[in-house]
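*Asks:*
Protein chains: 4
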Amino acid sequence: MRTLISGGTVVNSSGSLEADVLVDGEKIVAIGARGSEVSLGWSEGADRIIDATGRLVVPGGIDGHTHMEMPFGGTFAIDTFESGTIAAAWGGTTSIIDFAIQSKGASLREGFESWSEKAAGSCAIDYGFHMIVSDVNESSLKEMDQLVDEGITSFKLFMAYPGVFYSTDGEILQAMQRAAGNGATIMMHAENGIAIDVLVAQALARGESDPRFHGLTRPSLLEGEATHRAIQLAKVAGAPLYIVHLSASEALDEVVRARDAGGNVFAETCPQYLFLSEADLAREGFEGAKYVCSPPLRSVEHSHDLWRGLRTNDLSVVSTDHCPFCFKEQKELGRGDFSKIPNGLPGVEHRMDLIFQGVVSGQLSVERWVEITSTTPARMFGLFPRKGVIAPGADGDIVIYDPAATQTISAATHHMAADYSAYEGMTLTGRVESVLSRGTVVIEEGAFFGRPGHGCFLERSTNQYLV
Amino acid sequence: MRTLISGGTVVNSSGSLEADVLVDGEKIVAIGARGSEVSLGWSEGADRIIDATGRLVVPGGIDGHTHMEMPFGGTFAIDTFESGTIAAAWGGTTSIIDFAIQSKGASLREGFESWSEKAAGSCAIDYGFHMIVSDVNESSLKEMDQLVDEGITSFKLFMAYPGVFYSTDGEILQAMQRAAGNGATIMMHAENGIAIDVLVAQALARGESDPRFHGLTRPSLLEGEATHRAIQLAKVAGAPLYIVHLSASEALDEVVRARDAGGNVFAETCPQYLFLSEADLAREGFEGAKYVCSPPLRSVEHSHDLWRGLRTNDLSVVSTDHCPFCFKEQKELGRGDFSKIPNGLPGVEHRMDLIFQGVVSGQLSVERWVEITSTTPARMFGLFPRKGVIAPGADGDIVIYDPAATQTISAATHHMAADYSAYEGMTLTGRVESVLSRGTVVIEEGAFFGRPGHGCFLERSTNQYLV
Amino acid sequence: MRTLISGGTVVNSSGSLEADVLVDGEKIVAIGARGSEVSLGWSEGADRIIDATGRLVVPGGIDGHTHMEMPFGGTFAIDTFESGTIAAAWGGTTSIIDFAIQSKGASLREGFESWSEKAAGSCAIDYGFHMIVSDVNESSLKEMDQLVDEGITSFKLFMAYPGVFYSTDGEILQAMQRAAGNGATIMMHAENGIAIDVLVAQALARGESDPRFHGLTRPSLLEGEATHRAIQLAKVAGAPLYIVHLSASEALDEVVRARDAGGNVFAETCPQYLFLSEADLAREGFEGAKYVCSPPLRSVEHSHDLWRGLRTNDLSVVSTDHCPFCFKEQKELGRGDFSKIPNGLPGVEHRMDLIFQGVVSGQLSVERWVEITSTTPARMFGLFPRKGVIAPGADGDIVIYDPAATQTISAATHHMAADYSAYEGMTLTGRVESVLSRGTVVIEEGAFFGRPGHGCFLERSTNQYLV
Amino acid sequence: MRTLISGGTVVNSSGSLEADVLVDGEKIVAIGARGSEVSLGWSEGADRIIDATGRLVVPGGIDGHTHMEMPFGGTFAIDTFESGTIAAAWGGTTSIIDFAIQSKGASLREGFESWSEKAAGSCAIDYGFHMIVSDVNESSLKEMDQLVDEGITSFKLFMAYPGVFYSTDGEILQAMQRAAGNGATIMMHAENGIAIDVLVAQALARGESDPRFHGLTRPSLLEGEATHRAIQLAKVAGAPLYIVHLSASEALDEVVRARDAGGNVFAETCPQYLFLSEADLAREGFEGAKYVCSPPLRSVEHSHDLWRGLRTNDLSVVSTDHCPFCFKEQKELGRGDFSKIPNGLPGVEHRMDLIFQGVVSGQLSVERWVEITSTTPARMFGLFPRKGVIAPGADGDIVIYDPAATQTISAATHHMAADYSAYEGMTLTGRVESVLSRGTVVIEEGAFFGRPGHGCFLERSTNQYLV
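Residue numbers (my numbering), protein chains in the order written: chain D, 16 to 482; chain F, 16 to 482; chain C, 16 to 482; chain V, 16 to 482.
Here it is, written out as structure tokens:
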């Protein structure tokens, strides 16, 4: 099966070209200059020709932070690997990296196997795993080495959620030392959960139970603090560090300091921190519960700084932290006690479109949009050049994007399982037109042509930004 | 004429691929995955096949800062556009951007035409011009707009050299305001020449006439000062700024501050600031004169910081500031008075090789090497995607690089006109094997196959890093 | 003549005491613990007893920056040394340091003598001089040494006002080198006047002639720039530096950087930058002219930062830059052309009271109030322990201050010659009750008992903050 | 009993005076100008006249950080309150503030009472207590309020020593919140003890047991980290923070950042961090054990930065952290396992003399010497103006200091109980000549005239630097 994508503007992170793309089987096999004799000949042998005139031809998005079917506070994130990856495909994302979870007392392998089972045969697009390490000990430290060999090259630790995922600074240091040895990247949820839990208990004791207190008890200072601490521990250990879902100016400042000094410190932010704010968390009634995630939504000044960080590459990636709970029955678990509201927002479907608004508003170049949504995650998580680029030899993960179309986000039309959208009613410029996953068209003319099980497990190499 | 480069590792700034490159006429027309059916067919139609097995296939280097035949202190830089561009080609550089000079009292156009005449028909590789503005006035400000339309999109001003190139802060501000309007980038020689001239006169009055006093009278603090001043003036004007030949930690610190804040501030450094030091300037006898350039060589601590800046992208480009004078009769003009030593070093030939040592030592990735020597200058100076990338539609400016070969630099073997090498005896790993300029092989098997006049004038668009 | 001040709280910069103060002749001769046998005996020998119960007994204020009778743009500051020093005394200031001016082409001595003549026999309180150096040359540099021996230990240079007071960076560097040798402090008007003059000319050419354009053409970035430049030049020269009338956050940031690094860099601000803003400059009609001074009034965010700087000691002194012009006939010279409005505000009378509001609002301790208005200027300008402290051996310059009284500022009641007050109608807490100058009561019960000519010339030693 | 100290130079933090000091009973009752009629009369009524000609008359030193008789690792600091305070007196220190310790499971009061018993009747000079809080809980938090009322106004917490003094971030936050309410200052031992314990265990497991590994397992990064964390927690709580025994540049940087922003963050360093280094810790054999304290001695670059911090007032106080253990039998407990070496150095006797070397070398003014050793601790710990100043009404705690005498430090001659001196053989300029404690001469002509039990308990007010 040969597919020719002709007439479009091929956008890679390093620049844009007027060029045609030839896909053969699962791979891109050639890129040809528009109208050159060579590429003109390609249409003959093609089984299918996609006219991309007036469209951007971009590498499929890579969402480096999703939580499909994740257990949280007695319930589960509502998207399965099937529903979640289908929604991702609709939004131009052709790879996700989800988080396999080690349970306290269990091995890393048990967690990996459990998550592999859930995903295998279910995913509509390719998928890989980071590993959440909940129980740092001699045995789990050793397992890290082996998992790196099997393509799990990043391990997430938590400075928040005492009693659940929380690791002490000593445990963190040991995991980082191990990563320094085996080349893995440590991912960090950087909030001082020990201090936060004090603030939460005090707020509840004062009767402050509404969703907005979720934000007020997780001050940005404590995200900045934890980010600084994680960076220093990583320096002591000599390990690369990746801060997940950075939301606060104070945290960004610490990342900037570390990067200015040449440290291997990286960070991602998420669309919710760029587009939503504490005002949403304070919506009337219990509406704010829809916006409960951790770190919490901040003031707009923080968003302003985050956009700047995306431009300066102090923020390298936009992931979604997709972790959807329905408002009904799930978010509602926290009525009367904000600390019981499941943390997380649905988002995997709209990442590419939302960040494209930065291009529309002139804050980001179109190349930078590709970089932070696809190329950098590919290199950061060891998938390049298989993923993250339109280039010969790469997987045929391609999005045909219409930069001029408009759309309005709504739970009524989205493909995620959540019963609400955090962006309900927002009108966007730019829209995914067609999507290929490993050479197969999975989205076209407003229809899904893919299938659960098409997605393959991605064995990842280590972080490609480390020299 | 069709050339197929097969078997090599194609390295672009965004990543490396195992792929074959097909050049047709002056352009790259296609890139094909290694061994794919499509590209396998290309060898049939090829007039010439270059076997790049075990070699890197990289975009031709772009040296954004050269001064061929430049008049300085009563003499001229010893390389003509012919000799200089041939030397550049030997070193894997396929484009230079030289500086046309407006004389005091003359128009920009006169300067541009004068330099165009020198270059036309002489260059072995492609060439463009920045414009040195020595006389900011109503008329020259207006000329800037027109030159931008003609492909001269960057204008250099000097905070040093009072009475020669020096512009006052008021003149600089006006030129920056104009640039803010027409999209040009202001390039700045950032040293406080007014204060430096006081220090120079004082040193000479004390009888301190040896070359090393060239360095001591141009303290790094005064480069930091001027860099800060240029940045603030650019902020007031709203213009993009590019600091040339940054040599000092203090200057780098200012660039870092500006870039952290999201400013359109860019900087280049040069190989001499990375590999040489004030110790060279203090060599016995008059040997130090060979190392006189401005800003002067600094201590090794500065070099250390510059390497870090290259990693963090606070330094975006490595250019050479190639401005060669022979030791005999030229550098010797300054015996007994260091201020009369012509400022400048030969360097255009070895930039790619020298910076590749950063790859060898593990400080830079091979992709970053391509980025700072080719891709970024292309985007910074408005040449992308014609230059700076191996991609269909781009010019066939290609270097086949042997990463394992070794060589020793010597004036006895270099192709520049200078009678000495600043890097004499230095042994390097990595060597240019073949070079194509717009599809034509100009260097191969240790011989030059190009010709003066092959090089074309490059009309440049404005800085492509501005969103 | 012996005066006993009993019952008050003696406030020095280092702390407050319940103590009695015995003044004999011009000097404080002893301080005694309240109610101790020793001091109880003092009332017997006293010619006069001042009951300071419930009052603060503080060292007389020192205003380190006044311009009495200064020529500016064809007119003169309206306060003579007589009227100005009487107004100062009313406000609790018992020493001023005015600026003697070297004219272009004249010697420093001529300037010093000219100003000495104006002041001698006229001043109601003690006075000293800084020297404005308008013409840096071999001769004036040599004169600096001699003036230091005669008690003129600080020299002011201007980075603004080209053609009038402006010195080039080369001239500044030379004056700083001289100061490094003779121990003098260089005071700097830090605004980039060369760039500002371009902005002014452009504004006027656009017909922007109202007072508010005075502010818009002197952006805070250009004060920050000049401050940074002055600091770097001082570092090169090894000289102490004192930034006068700092008004901008950007300038403060530079002072903070320098001080954090341990540099001998000091700065003053003025009440107008703490209490007034660009909104005053933009008052309707030509009212804004009353608020024209340089640097200009800024936005309230800057004021906020300046208050913080006073707390952190990054701003060490509050002076007034008292340079009063009447609205009628003087400020009016600039109708239709803001650049012709004489620069300056009346202020010498209300400095102590205005800064006391920082105590009232809880931003400053009462000791810090004494420090920034008296003790630090005394040490900075070489007058300690003769001035700036309530201590035996010090001059009897004492203010009895009622911290609870209130007053309303008005031109109708102030003692300065200007026909308006920049603080008209402002109600303050705290008021000067009595003032002694060298042991003589000059203000008491709302009356002036001093006389012109009482004030002595103060020979000053060099900056006492330099270790 | 009246004592007149005549002929000396009275040095207070705010400046130096030629003045005579009259002490009556326990108090200074008057200060008179040298040779004034008033003070001339004082000699008549004096019981004793001390001729201080050529001497400095300075307020008695205040050592804000001592640990007399402190239990540590199964042994006790070897100086009792008696021997330690006598040694302090010899060195010109007339007040100490020691640390009462709450044991885990016990109340604050029990700790306070236990320490009060040890000190009562034993001290040769005045003494106060900070309180170490080892067990933060509802009850101990409440006790804090009451202790503040009783003159214990500072509470120390530990981020190091898990299982002993360590508090979690949540406990720290709660203690800080309480301090924000009752006005107390939180003192912090800022090292990340959790991470350090991992490094210690790893080192021991590798057989790295020598004293120098004490330093290598407590990297300065982890002091910087904890300092940053403490500052952020204090910001969240709104409490003042005082970092004890700051030793590392990274920690100083954090204090500078906080103070530049106007935060109520203070820090002390100790003589050992200014004069000794990691080279001492690495002395041959087991000699290094003499230099084991926490934080550990650092490289000389850190010392250099600390001296700068003392000049810039980013370090406000020099205390000793006097916690002496004999080499024999005490330090030797850690042979073969550095983690078992009791932490601490003898130092209370030489603080004033050692810091005076900063005056001798020109790094500090004599006023700044008084400030950091006496005046600032007095204000910081709520003792001013009773202590910390030569002023009427203050306690007669006075040191007559000979700035020209020399001495050599040796365990053979010192008065502390430790069997070694960390400064053995160091020759110093400057020496304590006489010492008065509350009006009584305790040291004179090389003899001790005081007595155990002379010292009184000091009820302290809260931090006087808080506006």
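Quick reminder that beta carbons are idealized off the backbone N, C-alpha and C, glycines included.
1) What residues of chain F sit near Phe-399 of chain D, judged by a beta carbon separation below 8 angstroms?
2) Can you tell me which of D:Ala-297, D:Ala-426, D:Ser-224, D:Asp-410 puts its alpha carbon nearest to the alpha carbon of Asp-39 of chain D?
3) Leaving out the 5 sequence neighbours to the left and right, which residues in its chain are closer than 7 angstroms to Arg-394 of chain V when beta-carbon positions are compared?
4) Return the chain-ordered list of same chain residues with a C-beta closer than 8 angstroms to the C-beta of Ser-122 of chain D, the five sequence neighbours on each side being excluded.
5) How about Pro-310 of chain D: is its C-beta nearer than 8 angstroms to some C-beta of chain V?
6) Touching or not, the segment 169-183 of chain V and the segment 296-307 of chain V, by the rule of three or more beta carbon pairs under 8 angstroms?
7) Can you tell which of V:Ala-104, V:Thr-95, V:Phe-371, V:Ser-149 has the C-alpha that lies nearest to the C-alpha of Lys-119 of chain V?
8) Output yes or no for whether 8 angstroms exceeds the beta carbon distance between Ile-140 of chain F and Ala-115 of chain F.
9) Rounding to the nearest angstrom, what Cα-Cα distance links Thr-108 of chain V and Arg-446 of chain V in this structure?
10) Taking the C-alpha atoms as reference points, what is the distance between Asp-434 of chain V and Ser-334 of chain V?
11) With a threshold of 8 angstroms between beta carbons, is Val-44 of chain D in contact with chain F?
12) Is there a Cβ of chain D sitting closer than 8 angstroms to that of Ser-476 of chain F, yes or no?
13) Of the residues that make up the segment 243-273 of chain D, which ones have a beta carbon closer than 7 angstroms to any beta carbon in chain V?
14) Alpha carbon to alpha carbon, how far is Thr-327 of chain C from Leu-237 of chain D? Give it in angstroms, no decimals.
15) On the DSSP bridge assignment, give the partners of Gln-422 of chain V in chain order.
16) Can the beta-carbon of Gly-454 of chain D be found less than 8 angstroms from the beta-carbon of Lys-42 of chain D?
17) Nearest chain D C-beta to Asp-336 of chain F closer than 8 angstroms, yes or no?
18) Using a beta-carbon distance cut-off of less than 9 angstroms, what residues from the segment 179-195 of chain D approach chain V?
19) So, does the CB of Asp-160 of chain V fall closer than 8 angstroms to a CB anywhere in chain D?
20) Using CA coordinates, which residue listed in V:Ile-356, V:Asp-336, V:Gln-189, V:Ser-331 is at the minimum distance from Lys-343 of chain V?
21) Using DSSP with H/G/I as helix, E/B as strand and the rest coil, what is Thr-388 of chain D?
22) Kindly indicate which three-state DSSP category Asn-27 of chain C falls into: helix, strand or coil?
23) Taking Cβ-Cβ distances shorter than 7 angstroms, what residues in chain F pair up with Arg-323 of chain D?
24) So, are the CB atoms of His-260 of chain V and Cys-285 of chain V less than 8 angstroms apart?
25) The segment 224-244 of chain F: which residues have C-beta closer than 8 angstroms to a C-beta of chain C, in chain order?
26) Is the beta carbon of Leu-348 of chain V closer than 8 angstroms to that of Gly-88 of chain V?
27) Using a Cβ cut-off of 8 angstroms (strictly closer), state whether Asn-207 of chain V contacts chain D.
28) Beta-carbon of Arg-394 of chain D versus every beta-carbon of chain F: anything under 8 angstroms?
29) With a 10 Å radius around its C-beta and 16 neighbouring C-beta atoms as the bar for buried, classify Ala-113 of chain D as buried or exposed.
30) Can you tell me the Cβ-Cβ gap for Asp-184 of chain C and Leu-248 of chain C, rounded? I've got them flagged as a contact below 8 angstroms.
31) Does any CB atom of chain C fall closer than 8 angstroms to the CB of Glu-41 of chain V?
32) Rounded C-beta distance between His-229 of chain C and Pro-361 of chain C? I'm assuming under 8 angstroms.
33) At what residue ranges does the segment 166-226 of chain F contain a whole run of the alpha helix (DSSP H), taking only runs of 4 or more?
*Replies:* Taking the geometry as given:
1) The residue you call residue 399 of chain D lines up with position 384 of the first sequence. Ordered by position in chain F, the residues that pass the 8 angstroms Cβ test against Phe-399 of chain D are Gly-30.
2) Working through the first sequence from its first residue, we reach residue 39 of chain D at position 24. Answer by Cα proximity: D:Asp-410.
3) The residue given as residue 394 of chain V occupies position 379 in the fourth sequence. So the qualifying residues of the chain are Gly-403, Gln-479, Tyr-480.
4) Locating residue 122 of chain D in the first sequence gives position 107, where the first residue counts as 1. Around Ser-122 of chain D: Ser-154, Ser-155, Glu-158.
5) As a first step, residue 310 of chain D must be located in the first sequence, where it is residue number 295. Chain V, which has no Cβ nearer than 8 angstroms to the Cβ of Pro-310 of chain D, makes this no.
6) no
7) Counted from its first residue, the fourth sequence places residue 119 of chain V at position 104. Nearest of V:Ala-104, V:Thr-95, V:Phe-371, V:Ser-149 to Lys-119 of chain V, Cα basis: V:Ser-149.
8) One-based indexing of the second sequence puts residue 140 of chain F at position 125. One-based indexing of the second sequence puts residue 115 of chain F at position 100. No, these two residues do not count as a Cβ contact at 8 angstroms.
9) The sequence position of residue 108 of chain V within the fourth sequence is 93, counting from 1. The sequence position of residue 446 of chain V within the fourth sequence is 431, counting from 1. Between Thr-108 of chain V and Arg-446 of chain V, the C-alpha separation is close to 12 angstroms.
10) The count along the fourth sequence starts at 1 and reaches residue 434 of chain V at position 419. The count along the fourth sequence starts at 1 and reaches residue 334 of chain V at position 319. Taking the straight line from one Cα to the other gives about 21 angstroms.
11) For the purposes of this step, residue 44 of chain D is taken as residue 29 along the first sequence, with counting starting at 1. So, interface residue.
12) Within the second sequence, the letter at position 461 stands for residue 476 of chain F. By this cut-off, Ser-476 of chain F is not an interface position.
13) His-243, Arg-244, Gln-247, Leu-248, Lys-250, Val-251
14) Here the question's residue 237 of chain D lines up with position 222 in the first sequence. Here the question's residue 327 of chain C lines up with position 312 in the third sequence. Using only the alpha carbons, I get a separation of about 25 angstroms.
15) Residue numbering aside, residue 422 of chain V sits at position 407 when the fourth sequence is read from its first letter. In DSSP, Gln-422 of chain V forms a bridge with V:Leu-443.
16) For this step, residue 454 of chain D is matched to residue 439 along the first sequence. For this step, residue 42 of chain D is matched to residue 27 along the first sequence. For Gly-454 of chain D and Lys-42 of chain D, yes; Cβs fall inside 8 angstroms.
17) By one-based count along the second sequence, residue 336 of chain F stands at place 321. False, the Cβ-Cβ gap to chain D never drops below 8 angstroms.
18) Thr-183, Asp-184, Gly-185, Glu-186, Ile-187, Leu-188, Gln-189, Gln-192
19) In the fourth sequence, the residue the question calls residue 160 of chain V occupies position 145. Asp-160 of chain V does not count as touching chain D.
20) Start at 1 with the first residue of the fourth sequence, and residue 343 of chain V comes out as number 328. Considering only alpha carbons, the answer is V:Ile-356.
21) Indexing the first sequence from 1 puts residue 388 of chain D at position 373. The answer is helix: DSSP assigns Thr-388 of chain D an H, G or I state.
22) Taking the first residue of the third sequence as 1, we reach residue 27 of chain C at position 12. Looking at Asn-27 of chain C - three-state DSSP - the assignment turns out to be strand.
23) Here the question's residue 323 of chain D lines up with position 308 in the first sequence. What Arg-323 of chain D touches in chain F: Gly-277.
24) As a position in the fourth sequence, residue 260 of chain V is number 245, starting the count at 1. As a position in the fourth sequence, residue 285 of chain V is number 270, starting the count at 1. In this structure, Cys-285 of chain V lies closer than 8 angstroms to His-260 of chain V by Cβ.
25) Pro-234, Leu-236, Leu-237, Gly-239, Glu-240, His-243, Arg-244
26) As a first step, residue 88 of chain V must be located in the fourth sequence, where it is residue number 73. As a first step, residue 348 of chain V must be located in the fourth sequence, where it is residue number 333. A contact, by the Cβ cut-off of 8 angstroms.
27) Within the fourth sequence, numbered from 1, the residue matching residue 207 of chain V stands at position 192. Yes, because at least one Cβ of chain D sits closer than 8 angstroms to the Cβ of Asn-207 of chain V.
28) Counting from 1 along the first sequence, the entry for residue 394 of chain D is found at position 379. Yes, because at least one Cβ of chain F sits closer than 8 angstroms to the Cβ of Arg-394 of chain D.
29) One-based indexing of the first sequence puts residue 113 of chain D at position 98. The residue you asked about is not Ala; residue 113 of chain D is Asp in the sequence shown. Buried is the call here.
30) By 1-based counting over the third sequence, the position of residue 184 of chain C is 169. By 1-based counting over the third sequence, the position of residue 248 of chain C is 233. The Cβ separation is near 6 angstroms, so the contact holds.
31) Against the fourth sequence, residue 41 of chain V aligns to sequence position 26. It does not; no Cβ of chain C falls within 8 angstroms.
32) In the third sequence, counting from the first residue as 1, residue 229 of chain C sits at position 214. In the third sequence, counting from the first residue as 1, residue 361 of chain C sits at position 346. His-229 of chain C to Pro-361 of chain C, Cβ: 17 angstroms. No contact.
33) 184-197, 208-220
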